Every structure is written in C-alpha cells, then in structure tokens.
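Student: Please read through the structure below; I'll follow up with questions.
In the UniProt record's numbering, the protein residues as written are 1 to 214.
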C-alpha cells in the first residue's frame with residue numbers, strides 16, 4: 001500500500017487548485033465558456049440556463065452538512081468576500097466610465113481607458129479567485145477528514161454560481177465598452193443602462209448568496 005507524504009496534495013486540494021487554475025486560464029484565453037463547460041452547474045442549477053433576474057433557487061439536496069455552524073460560517077465569510085471583491089472591481093471600471101463622461105476626452109482615448117479598465121477587472125478577478133481558493137484550502141484543511149470533500153464541493157458550487165453572475169456583470173461592462181467604441185450621440189444613455197444591468201446582477205447575486213445559507 002502506497003504511503004502519502006506530507007508534500008502530496010490530497011484529492012480535494014487538487015480539485016480546488018485545478019478549479020482556480022482553469023478559471024485563470026479561461027480568462028487569459030478570453031473565453032469563460034471554457035470554464036463553464038467543465039463547471040456547468042451550481043447546487044443543481046444548470047448555469048447555461050441562467051440570466052439576470054432569473055437564477056433558480058439552489059437545490060436543497062446540495063445543502064452543506066458540516067459539523068458546526070463555525071465551519072459553515074467560515075465558508076460563508078469567504079463567499080461574502082468573493083462577491084464584495086468582485087463588486088469592488090466592477091466599481092473601479094465604473095469609476096473610469098464616469099471619469100470619461102465627466103471629463104473632456106476623445107473617442108480613441110476613451111476607448112483605450114475603458115479597455116484598460118476592463119482588462120484590469122479581469123486580472124483582479126483571477127487574483128481574487130486565487131486568493132479566496134487559497135483561503136478556502138486553509139479553512140478546509142482544518143476540518144475533520146470526513147468533512148473536507150463535502151466542504152470542497154460546496155465551495156466550488158458556491159464559486160461556480162457566483163462566477164455565472166460575474167460573467168453577466170462582465171457582459172454588461174463589455175456593453176459599456178462597445179458603446180464607447182461606437183461613440184454615438186446617445187452612448188451615455190446606453191452606458192447608463194449597462195451599468196444598471198451590472199447593478200441588478202450584483203443585487204441578484206447577493207439574493208442568491210443569502211438563499212444558500214437560509
């Protein structure tokens with residue numbers, strides 16, 4: 001029988017690392033569909049079927065069964081930070097959009113600034129995922145052995161669900177960029193609507209998140 005050394009990663013650790021790595025590589029390839037082809041569900045919900053304002057309730061059979069409220073609250077805290085940090089990244093892009101609107105700049109400069117802000121949001125997202133998955137690994141490592149696999153699956157399902165919202169938010173941000181590129185007379189009306197879409201997406205994400213722990 002093979003022995004496990006201290007340096008060997010356990011299956012649940014490998015699962016966490018591979019999930020975070022796939023997300024980062026999907027962002028680099030500018031194709032989040034690659035991630036969702038593998039991680040296509042969240043708590044029994046098919047992520048291909050979701051849209052803003054129409055995210056089905058999580059399947060109750062996927063509820064987390066941990067040994068104590070402290071263990072559950074630990075993952076809840078990580079999830080809360082996951083959403084907050086992404087919301088902050090989106091707000092940073094909006095700040096750039098607002099600065100362009102309120103300043104005097106030409107089309108090409110505005111386009112370059114928005115493209116840069118969007119790319120920075122994507123990089124921040126990858127960094128957030130790496131950071132939160134690392135924290136999740138440390139938290140799960142402290143759990144009893146018989147709880148680690150369930151906690152890992154719960155965290156990945158939680159992340160998958162939120163990332164579906166994040167993809168919708170990024171679609172809204174891309175809509176802002178397209179409006180700036182088009183530079184039409186009514187572009188700021190379009191930009192305003194796209195930011196309303198992003199705002200609604202995060203409101204839906206928070207409602208979904210709270211439902212997971214009710």
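No residue lacks a Cβ here, since even glycine has one placed at the ideal position from N, Cα and C.
Computed from a predicted model, the values in this text were never measured in an experiment.
In three-state terms, what does DSSP make of residue 41?
Tutor: strand
Student: Is residue 143 closer than 8 Å to residue 212 when the C-beta atoms are compared?
Tutor: In this structure, residue 143 does not lie closer than 8 Å to residue 212 by Cβ.
Student: At what residue ranges does the region 92 to 172 contain a whole run of the alpha helix (DSSP H), taking only runs of 4 or more?
Tutor: Taking only runs of at least 4 residues, the alpha helix (DSSP H) segments lying wholly in the region 92 to 172 are 107 to 141.
Student: Looking at C-alpha atoms only, which residue of 96, 103 and 195 is the closest neighbour of residue 119?
Tutor: The option with the nearest alpha carbon to residue 119 is 96.
Student: Counting along the chain, where does the alpha helix (DSSP H) carrying residue 49 start and finish?
Tutor: Note, residue 49: premise wrong, no alpha helix (DSSP H); not H, not E.
Student: Would you kindly work out how many angstroms separate the C-alpha atoms of residue 4 and residue 173, rounded to a whole number?
Tutor: With a pLDDT of only 47 at residue 4, under the threshold of 50, the placement of this residue in the model should not be trusted; the figure read from the coordinates follows. Cα-Cα distance, rounded: 46 Å.
Student: Excluding the 5 residues flanking residue 42 on each side, which residues of the same chain have their C-beta closer than 6 Å to its C-beta?
Tutor: If we look at residue 42 and ignore the five residues flanking it on each side, its Cβ neighbours are 157, 160 and 161.
Student: What would DSSP say about residue 24, mapped onto helix, strand or coil?
Tutor: helix
Student: Leaving aside the five residues before and after residue 148 along the sequence, list all residues of the same chain whose C-beta is less than 8 Å from its C-beta, in chain order.
Tutor: 10, 12, 140 and 141
Student: Could you tell me the distance, in whole angstroms, from the CA atom of residue 121 to the CA atom of residue 86?
Tutor: 8 Å
Student: Smallest Cα separation from residue 15: which of 152, 190 and 76?
Tutor: Selection 152, 190 and 76 evaluated against residue 15 yields 152 as nearest (Cα-Cα).
Student: Only counting the same chain, and skipping five residues up and downstream in sequence, which positions put a Cβ closer than 6 Å to that of residue 175?
Tutor: 194
Student: Which residue from 126, 135 and 130 puts its Cα closest to that of residue 29?
Tutor: 126
Student: Tell me which residues share the same chain as residue 1 and place their Cβ nearer than 7 Å to its Cβ, disregarding the 5 neighbours each side in the sequence.
Tutor: Annotation note: pLDDT 32 at residue 1 (below 50); position unreliable, coordinate value reported separately. Counting only Cβ-Cβ distances below 7 Å, and skipping sequence neighbours, we find nothing.
Student: Rounded to whole angstroms, what is the Cα-Cα separation between residue 93 and residue 31?
Tutor: 20 Å
Student: Closest to residue 116 by C-alpha separation, out of 128, 100, 131 and 155, would be which residue?
Tutor: Answer by Cα proximity: 100.
Student: Grouping DSSP H, G and I as helix and E and B as strand, with all else coil, what is residue 205?
Tutor: helix
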